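Mapped onto this note's numbering, the consecutive letters of the sequence shown carry residue numbers 131 to 366. Cβ coordinates follow ideal geometry from the N, Cα and C atoms, glycine included. The structure presented is a predicted model; accordingly, all values stated were derived computationally and were not measured. A short write-up of the structure that comes next.
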Amino acid sequence: MPETDIPQQFDVLVVGAGAAGLYTALRIPNHLKVGLITKETMSLSASDWAQGGIAAAIAPEDSPSLHVEDTLKAGAGLCDRNAVEFLAQHAPSCIESLVNLGVAFDRNQGNLALTLEAAHSRHRVLHAADTTGREVITTLTAQVLQRQNIQIIQKALALDLWLSPQTKHCQGVSLFYQNRIHWAQADAVILATGGGGQVFAQTTNPAVSTGDGVALAWRAGALLKDLEFIQFHPQR
Ligand SMILES: Cc1cc2nc3c(=O)[nH]c(=O)nc-3n(C[C@H](O)[C@H](O)[C@H](O)COP(=O)(O)OP(=O)(O)OC[C@H]3O[C@@H](n4cnc5c(N)ncnc54)[C@H](O)[C@@H]3O)c2cc1C
């Protein structure tokens, strides 16, 4: 993908091109002009490195309410119940949507193959060998490249949310791109910048995982919560 100049105006700017950013960009209606920004190349993200799989209650003997129950139990009273319910209830339709976009999860006699992992009481982990993330990212990137309304901007570091001095509403982002600072305006900005594992000396996260989105949001006045919850991979 050749480097180009950045248009000054978008309908939506998605910062981050991991699974979250790619999927979000694909869910935005075609008539909206979307900028998909990554501070690295498209292939570098934690999503690309994810291995074991994605949990969703899709087996006949399973249900989102069982998925919720298992998650709350594993969370030992620390879970945000609304978030758990939202994730468990939406997981099956998101998997269906990924399959429709072409993600080739492993199959067993034609059906999606499910493994039993961690605290799950049912087989509910979908995978593509042990490179599930790469399969998701490769497929979603191919889909994004086909969409005329999405412009990919690589090696562009989002520096700050650009707030209107009058209303304090977010009106875009400032970016460090090709050795200078750009101001890109948008009606909506979505932060999908991944985790911050790199704050630790020892991490399996890629170099891009520096918690930038959290810092950008904080500097813009957002309220942050639950920052003490950090997932270490592999879990023990
Ligand atoms: C080794 C490993 C194995 C894993 N295995 C699993 C697993 O089996 N199952 C599972 O569910 N999860 C797994 N995970 C966790 C999972 O990979 C992450 O939770 C998930 O990929 C996060 O996706 P994301 O899109 O939010 O972030 P990421 O995939 O990290 O993407 C972040 C994006 O934001 C961009 N970015 C960041 N800051 C800026 C900035 N300032 N300006 C512009 N762009 C920016 C990055 O360049 C990147 O494109 C694993 C993680 C690792 C590291």
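Residue i versus residue j: straight-line alpha-carbon distance, rounded
| i | j | result |
| --- | --- | --- |
| Cys209 | Gln296 | 38 Å |
| Arg157 | Gln239 | 31 Å |
| Gln139 | Ala248 | 45 Å |
| Gly151 | Leu246 | 28 Å |
| Leu353 | Ala322 | 17 Å |
| His250 | Lys203 | 10 Å |
| Asp236 | Asn212 | 30 Å |
| Pro132 | Ala185 | Any reading at Pro132 is ruled out, since the residue's pLDDT is 49, under 50, leaving its predicted position unreliable. |
| Leu270 | Val214 | 25 Å |
| Trp313 | Val145 | 14 Å |
| Pro194 | Gly324 | 25 Å |
| Asn160 | Asn279 | 6 Å |
| Met172 | Trp292 | 24 Å |
| Lys339 | Glu265 | Per the sequence shown, residue 339 should be read as Ser rather than Lys. Their Cα atoms are separated by approximately 20 Å. |
| Gly341 | Ile267 | 20 Å |
| Asn241 | Ala234 | 12 Å |
For residue i, the first and last residue of its enclosing beta strand (DSSP E)
| i | result |
| --- | --- |
| Phe362 | First-last for Phe362: undefined, no H or E at that position. |
| Leu293 | Ala286 to Leu293 |
| Ser304 | Cys300 to Tyr307 |
| Leu354 | No beta strand (DSSP E) holds Leu354; DSSP gives it neither H nor E. |
| Phe140 | Gln139 to Val145 |
| Ile136 | Careful: Ile136 lies outside any beta strand (DSSP E) and carries neither H nor E. |
| Gln281 | Ile280 to Ile283 |
Status (buried if at least 16 other CB within 10 Å, exposed otherwise) for residue i
| i | result |
| --- | --- |
| Glu358 | exposed |
| Cys300 | buried |
| Lys355 | exposed |
| Lys285 | exposed |
| Lys169 | buried |
| Leu275 | exposed |
Residue range of the alpha helix (DSSP H) that includes residue i
| i | result |
| --- | --- |
| Arg310 | Per DSSP, Arg310 belongs to no alpha helix (DSSP H); it is in the beta strand (DSSP E), Arg310 to Leu321. |
| Ile267 | Thr262 to Gln276 |
Cβ-Cβ separation, residue j to residue i (assumed contact under 8 Å), whole Å
| i | j | result |
| --- | --- | --- |
| Asp192 | Val164 | Between Val164 and Asp192 the Cβ distance is about 35 Å, and since that is not below 8 Å, they are no contact. |
| Leu166 | Ile283 | 7 Å |
| Gly232 | Asp178 | So it is not a contact: roughly 17 Å between Cβ atoms. |
| Asp257 | Gly343 | In the sequence as presented, Asp is not what sits at residue 257; that position holds His. About 27 Å; that fails the 8 Å criterion. |
Write down every uninterrupted run of the alpha helix (DSSP H) in the segment 155-190 whose length is 4 residues or greater and which is fully enclosed by it, in chain order.
-> Within the segment 155-190, the complete alpha helix (DSSP H) runs of at least 4 residues are 176-179.
Starting from the N-terminal side, write out each stretch of the beta strand (DSSP E) that is 3 residues or longer and does not extend beyond the segment 180-241.
-> Secondary structure within the segment 180-241: not one fully enclosed beta strand (DSSP E) run of 3 or more consecutive residues is present.
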